[in-house]
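Participant:
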Amino acid sequence: MDKKLKCLYDILKKMGSVLVAYSGGVDSTFLIKVASMALPRDKVLAVTARSQTYPLREYKEAVRLAKTMKVSHLTIHTDELGIKGFRNNPVNRCYFCKGELFKTLNGIAQQQGIRYVADGANKDDLKDFRPGSLAAREYGVRSPLKEAGLGKDDIRKLSRKLALATWDKPSFACLASRFPYHNRITEDKLTAIEEAEEFIRGLGFSQIRIRHHGQIARIEVMPGEIKKLIRDEEIRKKILKKFKRLGFTYVTVDLEGYRTGSMNEPINYQGSR
């Protein structure tokens, strides 16, 4: 573990200066922290993109963490829904989103005299369908965590060692990932998803995904919390009332529970046949 941390430290030190695409999640927070250890303060810049697909709660947390780590932090505003084809939610949706983001970040890096743009992709991302990684390669974006051979478990353990509050933070993906591919994404739908997830979180659940299937809301929580979700009558009634107000006709619970990339399962299944 220490060897991997040393490897990441050396990679960042050799980079000389770095702009990190910073969401406030486990990976990008860890990357920013180590970068601030390896490089002078004026050689590290965290940039967070605010948009319709990025919840306000996540943004506020990113701002707070950046202040705690005492790193330079810049907020920009992006409009994914304005990107041609994004609203139609194609299978390679993330490619268009990341391409627009990395193009903007490269411009900022050039203006600031920063040598590299980096993202928080790690070794485990190679196991899932990640069209955004193609955009990273096309725009010359580095992935130091991946280069150092660090997976999610490594990052969490090292984050804890570095006393980062994010070491046990639940994984998060942009709100656009809550829709089946080719189902049109709108601002109203994104708002409904954000509000629904905040509501479930407020009921004491640790990890939540609300998958938007038109009139149907499919709730994913950790397998160990499914029993609480469906057996607590008071919670069940609160959820039904709230979700129907948000426009859902039917509310279902995914018995398999939360898992990363569940919307990619139809793709993976078809590819395995």
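Counting in the numbering used here, the sequence shown runs from 721 upward without gaps.
Where is the CB? At the ideal position from N, CA and C, for every residue including glycine.
In this text, all values refer to a predicted model and were calculated from it rather than measured experimentally.
Please classify residue 734 as buried or exposed, where buried requires at least 16 other C-beta atoms within 10 Å of its C-beta.
Facilitator: exposed
Participant: To the nearest angstrom, how far is it from the Cα of residue 973 to the Cα of residue 841?
Facilitator: Straight-line Cα distance between these residues: approximately 30 Å.
Participant: Tell me which residue opens and which closes the beta strand (DSSP E) that residue 824 is part of.
Facilitator: First-last for residue 824: 813 to 832, but that is the alpha helix (DSSP H), not the beta strand (DSSP E).
Participant: Opposite residue 971 in the DSSP bridges: which residues?
Facilitator: Per DSSP, 937.
Participant: Between the alpha carbons of residue 938 and residue 916, how many angstroms are there, rounded?
Facilitator: 11 Å
Participant: Starting from residue 729, trace the alpha helix (DSSP H) in both directions and tell me its first and last residue.
Facilitator: 722 to 735
Participant: Take residue 829 as the anchor and find which of 747, 975, 743 and 762 has the nearest alpha-carbon.
Facilitator: 762
Participant: Count the other CB atoms, across all protein chains shown, that sit within 10 Å of the CB of residue 896; report buried if there are 16 or more and exposed otherwise.
Facilitator: In this structure residue 896 is buried. Its beta-carbon is surrounded by 16 or more other beta-carbon atoms within 10 angstroms.
Participant: Note down, in chain order, each residue of its chain lying with its Cβ closer than 7 Å to the Cβ of residue 904, except the 5 sequence neighbours on either side.
Facilitator: 807, 808 and 809
Participant: Please report the Cβ distance between residue 786 and residue 822, rounded to the nearest whole angstrom; I am assuming they are in contact, meaning their Cβ atoms lie under 8 Å.
Facilitator: Residue 786 to residue 822, Cβ: 20 Å. No contact.
Participant: Would residue 874 be called buried (16 or more neighbouring beta carbons within 10 Å of its own) or exposed?
Facilitator: buried
Participant: Which whole-angstrom value describes the C-beta separation of residue 775 and residue 907, a residue pair presumed to lie in contact below a C-beta threshold of 8 Å?
Facilitator: Not a contact, Cβ separation roughly 13 Å.
Participant: DSSP three-state label for residue 754, please.
Facilitator: helix
Participant: What first and last residue would you give for the beta strand (DSSP E) that runs through residue 770?
Facilitator: 764 to 770
Participant: How many angstroms separate the CA atom of residue 752 from the CA atom of residue 957?
Facilitator: For the pair residue 752 and residue 957, the Cα-to-Cα distance works out to about 42 Å.
Participant: Going by the CB atoms, is the gap between residue 737 and residue 796 shorter than 7 Å?
Facilitator: no
Participant: For residue 748, which residues from the same chain have a beta carbon less than 7 Å from its beta carbon, with the 5 sequence-adjacent residues on both sides left out?
Facilitator: 740, 741, 742 and 840
Participant: What is the rounded straight-line gap between the Cα of residue 971 and the Cα of residue 765?
Facilitator: 42 Å
Participant: Identify every residue that forms a DSSP beta bridge with residue 739.
Facilitator: 765 and 837
Participant: Flag this pair as yes or no: are the beta carbons of residue 932 and residue 909 separated by less than 7 Å?
Facilitator: yes
Participant: What does residue 792 pair with, by DSSP beta-bridge criteria?
Facilitator: 765
Participant: Taking the Cβ atom as the reference point for each residue, do residue 859 and residue 826 lie within a distance shorter than 7 Å?
Facilitator: yes
Participant: I need the DSSP call for residue 1000, collapsed to helix, strand or coil.
Facilitator: Nothing about residue 1000 can be read from this structure; the chain reaches only from 721 to 993.
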